[in-house]
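Reading through the structure tokens given below for one structure.
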Amino acid sequence: MDAIVLLKDDHKTVEKLFKEFEKAGEQAYKTKQEIVGKIVEELTTHAYIEEQIFYPAAREGAPDTSDHVLESVEEHHVVVWMLSELTKLDPKDERFDAKVSVLIENVRHHVEEEEEEWFPKVREAMGRKRLQELGEQMAKAKAEAPRDPLALSSASA
Ligand SMILES: [Fe+2]
Ligand SMILES: [Fe+2]
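Counting from 68, one number per residue, gives the positions in the sequence shown under the working numbering.
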């Protein structure tokens with residue numbers, strides 16, 4: 068499994084959940100809470116394998132893109148705090164939908180930058196074989212991802 072293909076698959080999974088949330092009715096509190104639970108789990112796992120494996124490897128293999136990695140970590144920082152807040156927020160709270168909307172906007176922007184601006188450069192610099200090794204490592208590492216978004220390294224500082 069190629070590392071970039073794996074990450075894009077994750078992005079698609081999350082985008083599907085976003086669409087489900089956007090389609091859920093205003094009063095569908097239970098459904099919305101369940102969807103948000105899945106979003107938290109998917110994004111925490113995804114951010115974990117990016118931060119632990121992909122970002123450092125890409126920084127080494129494509130040093131020209133270091134600034135992009137640093138910005139990405141700051142974007143993760145905002146997202147993981149929002150995820151943590153959402154796990155504690157009642158879906159009936161007037162801030163719930165607003166917080167999810169802003170989360171979705173942030174993640175869509177982040178994903179677009181990764182996929183459009185950054186991944187192609189990483190692919191070119193690292194090559195297929197290295198990306199396949201990384202992909203295997205990342206697929207395995209999913210099993211050890213934390214459940215708490217604030218356990219991610221981007222949560223601190
Ligand atoms: Fe990311
Ligand atoms: Fe990503």
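Using N, Cα and C, we set each Cβ at its ideal position, and we do this for glycine too.
The structure displayed is predicted, hence computed values, not measured ones.
(1) Among E117, T98, E118, E138, which has the Cα closest to the Cα of E180?
(2) Do E118 and H143 have their C-beta atoms within less than 8 Å of each other?
(3) Taking P187 as the reference, give the member of F85, E101, Q199, T132 with the closest Cα.
(4) How about A222 and V147: do their beta carbons lie closer than 8 Å?
(5) Can you tell me whether K97 is buried or exposed? The criterion is at least 16 other CB atoms within 10 Å of its CB, across all chains shown.
(6) In three-state DSSP terms, what is R214?
(7) Pick from S168, V136, M205: whose alpha carbon is nearest that of P123?
(8) If the criterion is Cβ atoms closer than 8 Å, does the pair A129 and A192 meet it?
(9) Any chance you could list the residues with Cβ under 7 Å from a heavy atom of ligand 2, keeping chain order?
(10) For A208, which residues in the same chain have their Cβ closer than 8 Å to its Cβ, ignoring the five residues on either side in sequence?
(11) Taking the CB atoms as reference points, tell me whether E109 and L74 lie closer together than 8 Å.
(12) So does H143 have its beta carbon nearer than 7 Å to some heavy atom of ligand 4?
So, to answer that:
(1) E138
(2) yes
(3) T132
(4) yes
(5) exposed
(6) coil
(7) V136
(8) yes
(9) L74, D77, H78, H113, E117, H177, V178, E181
(10) Y115, I116, Q119, I120
(11) no
(12) Here the bound small molecules are ligand 1 and ligand 2; ligand 4 is not part of this structure.
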